[in-house]
Amino acid sequence: MSNVTWIGVNKKEITDENIRKVEQYFNIKFPMDFVECVKKYDSGYPRPKIFDVPGQDENVFSKLLTFDLESRNSIIQVYDDIKDRLVHKVYPFGKDSFGNHLCFDYRSNPESPTVVFWEHEEENIEEAIYPVCSTFTELLASLRDLEEED
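Using our numbering, read the sequence shown as starting at 25 and increasing by one per residue.
Put into structure tokens, the structure is as follows:
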């Protein structure tokens, strides 16, 4: 995570109890690398922020969703708002600037979810999910600045 700087981080401390409540709500365990990041940088904006999805233009990881359950941008509130359009066992953790979300996909391996991109405008629920990478750490390591075109 050393190549990423976080800005606009939530000042409210995120505790193990906050995380446990969300895990119980979803009936999952979040990856440890993600939990460690959220405890320090909840609701933060990563810099650099560009990541690639195979077959698409570059995408933007705008911010982490918050574990502050009183916030309207809480991870549970966002999930509840979009769950009818999400594949089962896929849970949002971050968003871009256009209504799309980075999610953990627990369908193949409940112990080690992959990172996927959910495109909100895609009508077919299955086709709205695009694989990004295997782990949260891999996602952070892949973040880069927008390349200027000549």
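Where is the CB? At the ideal position from N, CA and C, for every residue including glycine.
Within the same chain, and ignoring the five residues on either side of Leu170 in sequence, the residues whose Cβ sits closer than 6 Å to its Cβ are Ile74.
Asp40: member of the alpha helix (DSSP H) spanning 40 to 50, first to last residue. Here the C-alpha atom of Val140 lies approximately 8 Å from the C-alpha atom of His125. Annotation for Tyr154: the continuous beta strand (DSSP E) segment containing it runs 153 to 157. For Phe128, the enclosing beta strand (DSSP E) starts and ends at 125 to 129. Beta-bridge partners of Ser95 (DSSP): none assigned. Less than 9 Å divides the Cβ of Pro134 from the Cβ of Ile52.
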